[in-house]
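**Student:** Residue numbers (our numbering): 7 to 649.
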């Protein structure tokens, strides 16, 4: 008996181990894989099966809206969409948005699970749900408004939908309207500007043979759309008619080119991160604020917020460190004096901040403290702002401008000085790059290698040899009298001077030269372009012109193909980056020897974007535009924090 006892105990222990191994796989958190795959449909509280796991695509940041759609590290998944903050009454717990009123694992606060057998009802662990709530797999929910259990436990709404009165209702982005479909009360998002069945409004079909264009039924298409199979489509973004009617695209239709699903077009199909670097629009400096796009695709702004130009929903406190905006897939950012703009991979244009002269393009002359979409623009590739004007470049090469027009800086040919608060077509095609700086002058480079400028010309910054003359329409930049400046690659406008990079890598500047910002060391105003930093810079890839519209400050910086940065001009607050703040720097000073891929110049501060994704700024910091958490000026580059 005493001999059999140990054997029995050993046998029992062995059975327990075998049973445990048979009923548990390796812990995925420890790098293992489950022994058995989940079988059958997902249970209540989940939406779909992603691989071997049932997940809630409404809140799971690795599978947000659909399987495999991971949110950036600094965002969460809220109601099936990546966002900076959780919405709809949910709270952020780790990387997920949860309802603290009903989540059994986070009841009342994050990481506060209810005991086994209890449910979470109105933020309190209990044995049963309170009246009006339903027990769905341990969570007490209101099936009339719970996205994961809409109408009944386990009945989850799809991405982009919310639960209302027990029915899944579509939530539509700007430009789309939620229209009822069928008899069950469900809705779908439609573009009432183009949808033949809902033209101008829900359930307003066009007569046979007519198409819906700009919300009106007719026989022709307007607003840049084309008639394809009795429908008006935008060939720049329509995957069924990409670039031409009937040209289908299995991936993403970007600027009329068919790219892979995770790519956009920027001269060639590439990732959003690479396009950000290629376009040179990953960083921009305004009067006293700065914005940049991270390599992860997040848009961040910092500095002066008096008019809401940071986009954080307020106009009270300056932002001393970067603030992340809720704009999806930004590919280009451009700033004006007191406002900001950006374009997205989808071709939309958004602006915010000072809009009192119509520079936000939304037809409302007022400030906006959060981004608003510029109506009618859906194929944007670049955008830039000036003192109070904005210009958007479309994928077709067309240029649209809007905003203040005191000096003709909008380019609409109007001498009345009236504001242009909605986009106006200034140039129909052929635009390659745009710049408006922080002044009242606008310039573009064209695909034919020439440049045009318009607006204020009191210091010769138009470049046509006509000093003290404003231009309300574009004029060609001349190299000398009757000789056109050619082989222009890109342009940059400061407060009172302008510059261009030529295809041969040289830099040419014109306009005011009080601070030797033209780079010839002579401090003599030039009405025609002169070569800057001659004998020093011959491999330029980009130029940034800084300064204010009143002529108190002006400086210039150049980026070379080796990633080096050179600056010269006024240096009152260290904006040249040479370690002191004394007299103007009349010869190019090498701030960085390599590693830089983008530069930006504000009124009296300068920034550089490095290939490793870091941002460095220097100069005046009274509004926090250097992004270092304080307002101390810096005469040498300092790294922007939390970027």
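For each residue, glycine too, the CB sits at the ideal point set by N, CA and C.
1. Please go through the same chain and pick out, in chain order, the residues whose beta-carbon is closer than 6 Å to the beta-carbon of residue 410, but skip the five residues on each side of it.
2. Identify the continuous beta strand (DSSP E) that holds residue 258 and give its terminal residues.
3. Between which residues of its own chain and residue 244 is the CB-CB distance below 7 Å, once the five residues before and five after are set aside?
4. Taking just the CA atoms, how far does residue 280 sit from residue 76?
5. May I ask you to list the residues that DSSP assigns as paired with residue 338?
6. Quick test of your reading: residue 491 and residue 499, contact by CB under 8 Å. State the CB separation rounded to the nearest angstrom.
7. Where does residue 281 fall in DSSP's three states?
8. Taking buried to mean at least 16 other C-beta atoms within 10 Å of its own C-beta, is residue 171 buried or exposed?
9. Between the beta-carbon of residue 324 and the beta-carbon of residue 344, is there less than 8 Å?
10. For residue 477, which of helix, strand or coil comes out of DSSP?
11. If residue 238 and residue 200 are in contact, beta carbons under 8 Å, what's the gap, nearest whole angstrom?
12. Which two residues bound the contiguous beta strand (DSSP E) that contains residue 596?
13. Output the distance between the C-alpha atoms of residue 300 and residue 487, rounded to the nearest integer angstrom.
14. Quick check on the DSSP output: what are the complete beta strand (DSSP E) runs of length 3 or more inside the segment 455 to 524, in order along the chain?
15. Give me the Cα-Cα distance between residue 599 and residue 346, rounded to the nearest whole angstrom.
16. Quick one: what's got a C-beta closer than 6 Å to residue 585's C-beta in the same chain, skipping five residues either side?
17. Go through its chain and collect everything with a Cβ distance to residue 130's Cβ below 8 Å, but skip five positions before and after it.
18. Report buried or exposed for residue 520, applying the criterion of at least 16 other Cβ atoms within 10 angstroms of its Cβ.
19. Among the candidates 68, 133 and 148, whose CA atom is the shortest distance from the CA of residue 105?
20. Between 479, 485, 456 and 607, which lies nearest to residue 470 when the distance is taken from Cα to Cα?
21. Please identify the residue among 408, 387 and 392 whose C-alpha is closest to the C-alpha of residue 399.
22. Report the CB separation of residue 360 from residue 373 in whole angstroms; it is logged as a contact under 8 Å.
23. Tell me whether the beta-carbon of residue 589 lies closer than 8 Å to the beta-carbon of residue 574.
24. By alpha-carbon positions, which one of 429, 427 and 454 ends up nearest to residue 435?
25. Going along the chain, which unbroken runs of the beta strand (DSSP E) with 3 or more residues stay wholly within the segment 89 to 152?
26. If you pair each beta-carbon of the segment 626 to 646 with each one of the segment 522 to 533, do three or more pairs fall below 8 Å?
27. First and last residue of the beta strand (DSSP E) that includes residue 399?
28. Taking 8 Å as the cut-off, decide whether the C-beta atoms of residue 3 and residue 222 are in contact.
29. Grab the span of the beta strand (DSSP E) containing residue 562 for me, first residue to last.
30. What is the residue span of the beta strand (DSSP E) that residue 389 lies within?
31. Relative to the alpha-carbon of residue 195, which residue among 184, 204 and 203 has its alpha-carbon at the smallest distance?
32. Along the beta strand (DSSP E) that carries residue 357, what are the first and last residues, could you check?
33. Taking Cβ positions, are residue 109 and residue 83 nearer each other than 8 Å?
34. Are residue 317 and residue 376 close, meaning C-beta to C-beta below 8 Å?
35. How big is the Cα-Cα spacing for residue 644 and residue 287?
36. DSSP three-state label for residue 544, please.
**Tutor:** Reading from the atomic positions:
1. Sequence-distant partners of residue 410 (beyond 5 residues in either direction) whose C-beta falls short of 6 Å from its own C-beta, in its chain, are 363, 394, 395 and 425.
2. 258 to 260
3. 259
4. Going by the C-alpha atoms only, they are around 19 Å apart.
5. 349
6. About 15 Å; that fails the 8 Å criterion.
7. Three-state result, residue 281: helix.
8. exposed
9. no
10. strand
11. The C-beta distance from residue 238 to residue 200 rounds to 5 Å, short enough to fall under 8 Å.
12. Unbroken beta strand (DSSP E) run through residue 596: 591 to 598.
13. 44 Å
14. 457 to 461, 477 to 482, 484 to 486, 494 to 499, 503 to 508 and 513 to 517
15. 30 Å
16. 641 and 642
17. 113 and 114
18. With 16 or more neighbouring CB atoms inside 10 Å of its own CB, residue 520 falls in the buried class.
19. Closest option to residue 105, Cα to Cα, is 148.
20. 485
21. 387
22. 6 Å
23. no
24. 454
25. With a minimum length of 3 residues, the continuous beta strand (DSSP E) runs that stay inside the segment 89 to 152 are 97 to 99, 102 to 104, 125 to 127, 130 to 132, 140 to 142 and 145 to 147.
26. no
27. 395 to 400
28. Residue 3 falls outside the range modelled here, since the chain spans only 7 to 649, and no answer is possible.
29. In the DSSP annotation of this structure, the continuous segment of the beta strand (DSSP E) that includes residue 562 starts and ends at 560 to 566.
30. 386 to 391
31. 184
32. 355 to 359
33. no
34. yes
35. 21 Å
36. coil
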